[in-house]
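For the record, in the sequence shown the residue sitting at position 60 is 60 according to this note's numbering, with numbers rising by one throughout.
Glycine included, each C-beta is placed from N, C-alpha and C at the ideal position.
Read the structure below first, then the notes.
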Amino acid sequence: MAVTGCKPFEDEELLQMPTVSICLPVYNGECYLAESIESVLAQSHDDFELLVGNDCSKDASQKIIEDYARRDGRIKAWTNETNLGHYPNYNACIERASGKYIKLFAQDDLLKPEMLGRMVDVMERNANVSLVATARIWIDAEGRTIPAQSELDIRLTRPFDEDKTIPGIEALVSTLSECTNWIGEPSNQMFRRDHIGSAFDTSFNQIGDMEYNYRLLEKGDFYFIADELCLFRKHASSWTKSNNAELRTYLDWILLAAKYQKYLRQAGLSSETYCLKFMKDWTRNLECELNQSKRVHAQERSAVLRELIGNIDPLSLFNPEKDGKRDLASEYKLLGALALLQSALLENEIRLIHSETARPYEEGELEDNPVYQIRPGLAAALYGMKQTLRERDKEIQALKKALDEMGNSASWKVTEPLRRLKGRLN
């Protein structure tokens, strides 16, 4: 008997539940959506359902979805009543999934025909594997391959030369401590429906998939397929590209570290050590997103620094265990603090390039230095950079060209979003 208000599964439907649920959130995806759907329909493993959630697109996405849904009964599509956003739309797809395995997908990407079959085979043969991912190829807007030119590119696209099983916690600690996502994006991954949990944490702007992966990796092993079975598209209008243009995207790494601090400790990293490492690794990325160059007097910078961080532990700005909500004001404080402290390191590098005396806070100056008064541990770390900078003369020389193009001060540029946010809050 049917229950009022519900649409129960019929017995026949229960028997026909697919092996794989492919979750495809869509928003203004008309450029590549048809090609992406075609790559799903071409899979050699055809026991799947394709769940397509249209998040109130303003282009021709809805028509494309309807055309394919009429032609193939495995496609189940709907349009959200209101625009949910990227990760909430993923969650809406996951909630409707009935397959044994969950395969996330993206509207710009492509799957090779054997991908589903290979992943299902791994899951069926390895009960301890909670997350499987494949090597991937980067392609541009026209579908042309973007070669992996650097060691980092290779690490990101094909971290291992052969199929490999890695303990989940080991993969988690490695990516978190390196600030590097060599596991991949949703399109190159699959996990078990039994491990869905609470799905995506919507407090993340960009790397919510990494946070979700971490919860999956806590449940079992990670399996890497070395064959390149996924094509990840990089183009100017992609969701990833547009998010990277916002500075607060970088704070997701700090939010991630705050949520998984116990694994930082396993890697031998304290909160301060991680944040200093984060500054060093991401400064160049931040600089690429900034297009203004202004000078700021040293005293003014010190005053801003005082205002920004007070007596805080960087990761304590985030308290994800309580309610999961983000405090953007606190996030901008941290971003400003990181940028200003990194600016001090860059200034010393510039001095060394010009054969001037490096000043990473000499011992006699510490008590009068605003950084020391605010956070002695950070000041000590900056002081310790002096010898390191001298020992890395070759690297410093290699930075000269980049520094010449960088502008006069990173601090004022990076804290511009803070000033705008503060104005809105006031």
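(Q) Classify Phe160: buried if its beta carbon has 16 or more other beta carbons within 10 angstroms, exposed otherwise. (A) The residue you call residue 160 lines up with position 160 of the sequence shown. Of the other Cβ atoms in all chains shown, fewer than 16 fall within 10 Å of the Cβ of Phe160; this residue is therefore exposed.
**Q.** Same chain only: Cβ atoms within 6 Å of Lys277, ignoring 5 sequence neighbours per side
**A.** To locate residue 277, count along the sequence shown from 1; it is residue 277. Excluding the 5 residues flanking it on each side, Lys277 has no same chain C-beta neighbour closer than 6 Å.
Q: Along the alpha helix (DSSP H) that carries Met123, what are the first and last residues, could you check?
A: Numbered from 1 along the sequence shown, position 123 holds the residue referred to as residue 123. Its alpha helix (DSSP H) spans residues 115-125.
Q. Cα-Cα, which of Asp47, Met119, Gly53 is closest to Glu228?
A. Looking up residue 228 in the sequence shown gives position 228. Cα-wise, what sits closest to Glu228 is Met119.
(Q) Just to confirm my understanding: we take Asn188, look at its own chain, exclude 5 residues before and 5 after, and list those with CB closer than 6 Å. What are they? (A) As a working mapping, residue 188 is identified with position 188 in the sequence shown. For Asn188, where only same-chain residues beyond five positions count, the Cβ hits under 6 Å are Ala133, Thr134, Arg136, Cys230.
Q: Please state whether DSSP places Arg136 in a helix, a strand or coil.
A: Residue 136 sits at position 136 when you count from the first residue of the sequence shown. Here Arg136 sits in strand by DSSP.
**Q.** Coarse secondary structure for Thr157, derived from DSSP in three states
**A.** Taking the sequence shown and counting its residues from 1, the one referred to as residue 157 is at position 157. In the structure shown, Thr157 sits in a helix (DSSP, three-state: H, G or I).
Q | Length at least 3, wholly inside the region 140-220: the beta strand (DSSP E) runs in chain order | A | You should have 164-166, 189-192.
Q | Same chain only: Cβ atoms within 8 Å of Gly168, ignoring 5 sequence neighbours per side | A | As a position in the sequence shown, residue 168 is number 168, starting the count at 1. Taking C-beta separations shorter than 8 Å and ignoring five residues to either side along the sequence, the partners of Gly168 in its chain run Ser130, Leu131, Leu216, Leu217, Glu218, Lys219, Gly220, Asp221, Phe222, following chain order.
Q: Give the range of the beta strand (DSSP E) segment to which Ser21 is assigned.
A: Locating residue 21 in the sequence shown gives position 21, counting from the first residue. Run containing Ser21: 20-26, per the beta strand (DSSP E) assignment.
(Q) Tell me the DSSP secondary structure of Cys56 in three-state form. (A) Reading the sequence shown from its first residue, position 56 is the one you call residue 56. Cys56 sits in coil when the DSSP states are folded into three classes, being neither helix nor strand.
Q.
Mapping the DSSP letters down to three states, classify Ala42 as helix, strand or coil.
A. Start at 1 with the first residue of the sequence shown, and residue 42 comes out as number 42. Under the three-state reduction of DSSP output, Ala42 falls in the coil class, being neither helix nor strand.
Q) Along the chain, where does the alpha helix (DSSP H) that runs through Tyr260 open and close? A) Start at 1 with the first residue of the sequence shown, and residue 260 comes out as number 260. Unbroken run through Tyr260: none, as it is neither H nor E.
Q: Have a look at Leu156, Thr165, His195 and flag the residue whose alpha-carbon is nearest the alpha-carbon of Cys179.
A: Taking the first residue of the sequence shown as position 1, residue 179 is located at position 179. Closest by alpha carbon: Leu156.
Q. Could you give the distance in angstroms between the alpha-carbon of Glu35 and the alpha-carbon of Ser21?
A. Residue numbering aside, residue 35 sits at position 35 when the sequence shown is read from its first letter. Residue numbering aside, residue 21 sits at position 21 when the sequence shown is read from its first letter. Straight through space, the alpha carbons of Ser21 and Glu35 are spaced by roughly 19 Å.
Q. Leu256 and Leu176 look like a contact to me (Cβ under 8 Å); what is the Cβ gap, rounded to whole Å?
A. Against the sequence shown, residue 256 aligns to sequence position 256. Against the sequence shown, residue 176 aligns to sequence position 176. Indeed they touch by this definition, with Cβ atoms about 7 Å apart.
Q.
Measuring only the C-alpha atoms, how far is His45 from Asp163?
A. Mapped onto the sequence shown, residue 45 falls at position 45. Mapped onto the sequence shown, residue 163 falls at position 163. Near 20 Å, if we compare the C-alpha coordinates of Asp163 and His45.
Q) Quick one: what's Phe48 bridged to in DSSP? A) To locate residue 48, count along the sequence shown from 1; it is residue 48. The partner list for Phe48 (beta bridge, DSSP) reads Val20.
Q) By DSSP, does Phe222 sit in helix, in strand, or in coil? A) For this step, residue 222 is matched to residue 222 along the sequence shown. Strand, per DSSP.
Q | Heavy atom of the ligand HEM within 7 Å of Glu30 beta-carbon | A | As far as ligands go, the structure on display features none, and thus does not contain the ligand HEM.
Q.
Given this structure, state the Cα-to-Cα distance separating Lys112 from Glu272, to the nearest angstrom.
A. Residue numbering aside, residue 112 sits at position 112 when the sequence shown is read from its first letter. Residue numbering aside, residue 272 sits at position 272 when the sequence shown is read from its first letter. Approximately 43 Å, taken between the alpha carbons.
Q: May I ask which residues mark the beginning and end of the alpha helix (DSSP H) holding Ala63?
A: On the sequence shown, position 63 is the one that residue 63 refers to. Note that residue 63 is Lys in the sequence shown, not Ala. Taken as a continuous stretch (DSSP letters only), the alpha helix (DSSP H) holding Lys63 covers 61-71.
Q. Roughly how many angstroms lie between the CA atoms of Ser57 and Ser270, to the nearest whole one?
A. Residue mapping note: residue 57 aligns to position 57 of the sequence shown, counting from 1. Residue mapping note: residue 270 aligns to position 270 of the sequence shown, counting from 1. About 44 Å.
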